[in-house]
Amino acid sequence: MDTFQFHDMSLTWLKGGTTHMDGGAMFGVVPKPLWEKKYPVNEKNQIELASDPLFIQHKGQNILLEAGIGYGKFTDKQLRNYGISDQSQVEDNLAQLGVLPEEIDIVIMTHLHFDHACGLTKWVEDRLVSSFPNAKIYVSDVEWNEMKNPNIRSRNTYWKENWEPIEDQVVTFTESIEVVDGIEMIHTGGHSDGHSIVLFKQNDETIIHMADLMPTNAHQNPLWVLAYDDYPMTSVFAKEKWVNEALQSNYWFSFYHDVFYRLVKWSEDGKEIVDKLERTNGF
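Residues in the sequence shown are numbered from 1 upward in steps of one, following the UniProt record's numbering.
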């Protein structure tokens, strides 16, 4: 498992499953000759995307950022349409670290689309139960409300199977919240109305997790937003703000979906990678 010691925070990436999504959808209106130079595409015009939660140990607490795609949550049709080549190994990875699902204290959810939230619940015999029954699950109030009351567009990704078993564990916030000392969630909207980013701050360093505002390193340009974004102009403005701040302040960028990098630091102009933690397959 890939690890990174961020001062007092121990970070470990878990195997949350892999999808292969349409490259055109993942890069929106950006022409293929531009984006395929930055992220490879297969013969079906699909790009490979990880869905790997980040496990954080900090001040005696066990914290997960995102939940993966879970296991056994998809029909054959969904497995085909989403190009799912492998499913979650989160519980097995935690066991390798000596941690039980019951020992997870906090789960941070940037949003609740299926590829982030399916891992919140699991099948036990013939019923769905919480995967992390003792955890507080943090998400913006806007996102939680839409999860429970999806519209004609969002009901394809907000599934009752992913929220009904965990309803009494959810903690919501409006604009921002310090989940624990050094970890802050900030509501941005854009990709979904309730989408949030996460800042990890230790001493004078910051890691910014932009979730699906920047799903891969190839999405750094503020104008390169997803066709899946419900509010693309909100995404553009949020990305412009946070990417500029992060580049000027020498932040690390963290990724959930990137199959090449866990963390990246760019030069101040954003044109060169000056430091990185590459993703390995050592699960």
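A virtual CB, placed ideally from N, CA and C, is assigned to each residue, including glycine.
For residue i, list the residues DSSP reports as bridge partners.
{"i": "I47", "result": "M21"}
{"i": "residue 328", "result": "In the structure displayed, the chain extends from 1 to 283; residue 328 sits before or after that span and is not available."}
{"i": "V29", "result": "Bridge partners of V29: none, in fact."}
{"i": "K77", "result": "For K77, which the question treats as bridged, DSSP gives no partner whatsoever."}
{"i": "Y261", "result": "E278"}
{"i": "Q96", "result": "Looking at the DSSP assignment, Q96 forms no beta bridge with any residue, so it has no partner."}
{"i": "W266", "result": "I273"}
{"i": "D86", "result": "T18"}
{"i": "L199", "result": "E184 and I208"}
{"i": "N221", "result": "BP columns for N221 are empty, so no partner."}
{"i": "I104", "result": "Beta-bridge pairing links I104 to no other residue."}
{"i": "N62", "result": "Q57"}
{"i": "S254", "result": "H209 and L263"}
Within the same chain, show all residues whose beta-carbon is closer than 8 Å to that of residue i, passing over the 5 residues directly before and after it, in chain order.
{"i": "W266", "result": "Q220, L247, F253, E272, I273 and V274"}
{"i": "Q96", "result": "M1"}
{"i": "residue 284", "result": "Summary: the structure shown does not reach residue 284, with the chain confined to residues 1 through 283, and so no result is reported for it."}
{"i": "V180", "result": "H58, K59, Q61, I63 and I106"}
{"i": "E268", "result": "L247, Q248 and N250"}
{"i": "Q5", "result": "L11"}
{"i": "Y82", "result": "T19, H20, M21, F74 and D115"}
{"i": "R153", "result": "D230"}
{"i": "G270", "result": "Q220, V243 and L247"}
Hey, residue i and residue j: beta-carbon distance below 8 Å or not?
{"i": "Y138", "j": "I197", "result": "no"}
{"i": "S215", "j": "F260", "result": "A small fix is needed here, since residue 215 is Pro in this sequence, not Ser. Result no, Cβ atoms of P215 and F260 do not sit closer than 8 Å."}
{"i": "T19", "j": "D115", "result": "yes"}
{"i": "T110", "j": "E66", "result": "yes"}
{"i": "H7", "j": "N203", "result": "yes"}
{"i": "L113", "j": "S192", "result": "Sequence check: residue 113 is His here, not Leu. Contact: yes."}
{"i": "L128", "j": "E161", "result": "yes"}
{"i": "Q61", "j": "D105", "result": "yes"}
{"i": "I56", "j": "I47", "result": "no"}
{"i": "T174", "j": "H195", "result": "no"}
{"i": "L213", "j": "A238", "result": "yes"}
CB-CB under 6 Å to residue i, same chain, minus the five flanking residues each way: which ones, in chain order?
{"i": "K122", "result": "S131"}
{"i": "E240", "result": "P222"}
{"i": "W35", "result": "F27"}
{"i": "P150", "result": "Y158"}
{"i": "S51", "result": "G16, G17, G68, I69 and D115"}
{"i": "G282", "result": "With a pLDDT of only 49 at G282, under 50, the local geometry of the prediction cannot be trusted, and no value is derived from it."}
Whole-angstrom Cβ separation of residue i and residue j, contact assumed at under 8 Å?
{"i": "I208", "j": "W242", "result": "7 Å"}
{"i": "H211", "j": "Y39", "result": "His is not the amino acid found at residue 211; the sequence shown has Ala there. About 17 Å separates the two Cβ atoms, so there is no contact after all."}
{"i": "G70", "j": "S85", "result": "That pair is no contact at about 15 Å."}
{"i": "G119", "j": "P53", "result": "7 Å"}
{"i": "G189", "j": "K201", "result": "About 22 Å; that fails the 8 Å criterion."}
{"i": "D22", "j": "N45", "result": "6 Å"}
{"i": "F231", "j": "A25", "result": "Note that residue 231 corresponds to Tyr in the displayed sequence, not to Phe. With 8 Å as the limit, Y231 and A25 do not qualify as a contact, their Cβ atoms being about 16 Å apart."}
{"i": "G68", "j": "V90", "result": "5 Å"}
{"i": "E185", "j": "I108", "result": "Note on residue identity: the sequence assigns Met, not Glu, to residue 185. That belief holds up - the Cβ atoms of M185 and I108 are roughly 6 Å apart, short of 8 Å."}
Using a Cβ-Cβ cut-off of 7 Å (strictly less than) and excluding sequence neighbours within five positions of residue i, which residues of its own chain qualify?
{"i": "K172", "result": "Rather than Lys, the amino acid found at residue 172 in this sequence is Thr. Excluding positions up to five away in sequence, the list reads V139, S140, D141 and W144."}
{"i": "R155", "result": "none"}
{"i": "Q169", "result": "S130, A135, K136 and I137"}
{"i": "V30", "result": "W224"}
{"i": "W159", "result": "F114"}
{"i": "V236", "result": "P222, L223 and V225"}
{"i": "V41", "result": "G23 and I47"}
{"i": "K148", "result": "W163"}
{"i": "P133", "result": "E102"}
I'd like the ranges of any beta strand (DSSP E) spanning at least 3 consecutive residues and lying wholly in the stretch 117 to 186. With a minimum length of 3 residues, the continuous beta strand (DSSP E) runs that stay inside the stretch 117 to 186 are 121 to 124, 127 to 130, 136 to 140, 170 to 173 and 176 to 180.
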